[in-house]
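Residue 1 is where the sequence shown starts when you use UniProt numbering, and the numbers rise one by one after that.
Step one of this worksheet: look at the structure below.
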Amino acid sequence: AVYNEVTKELKPTPAKSHYTFNLRDISKVIQGICMVKPQKVNAPEGMAKLWVHEAFRVFHDRMTNDEDRDWFKEYLTELTRKVFRVDLSSEISGENEILFGDFM
């Protein structure tokens with residue numbers, strides 16, 4: 001759903017030539033999710049946060065203007081409500097940042 005919506009809404013232009021999203025981007029999201037040990041994400045809300053984090057790293061980090069970033073945040077907020085049935089609006093908006101890391 002994310003890939004289809006992003007490719008539909010965020011087309012490459014001369015100013016945004018790097019907006020060429022492909023199936024490799026989906027695999028990056030999945031690879032990021034698979035790197036986390038299952039015991040670290042033991043609730044549906046934790047899985048939703050992990051998914052949002054990876055989608056941000058793959059898609060949001062490539063966006064160059066606030067309009068595109070805001071659109072993506074709104075879309076992810078709606079999608080997490082529908083799919084995961086959790087409200088992560090404060091995390092997605094940046095009020096409560098979602099961080100995952102592997103430092104060991």
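In this text, a Cβ means the ideal position worked out from N, Cα and C, and glycines have one as well.
These numbers come from a predicted model, not from an experiment.
Assigned secondary structure, residue i (DSSP; H/G/I helix, E/B strand, else coil)
i	result
glycine 46	helix
valine 6	helix
proline 38	helix
Range of the contiguous alpha helix (DSSP H) that encloses residue i
i	result
threonine 77	66-83
asparagine 98	A small correction: the amino acid at residue 98 is isoleucine; asparagine does not occupy that position in the sequence shown. Neither: isoleucine 98 is in no alpha helix (DSSP H) and is coded neither H nor E.
serine 27	23-34
Alpha carbon of residue i to alpha carbon of residue j, nearest angstrom
i	j	result
lysine 11	valine 52	21 Å
proline 44	phenylalanine 84	7 Å
lysine 73	leucine 23	21 Å
asparagine 42	tyrosine 19	34 Å
message: Is it the case that the segment 68-82 contacts the segment 29-36, given that we only count it when at least three CB pairs across the two stretches are under 8 Å?
response: Using a Cβ-Cβ distance cut-off of 8 Å, the segment 29-36 and the segment 68-82 are not in contact, since fewer than three pairs of beta carbons, one from each stretch, lie closer than that value.
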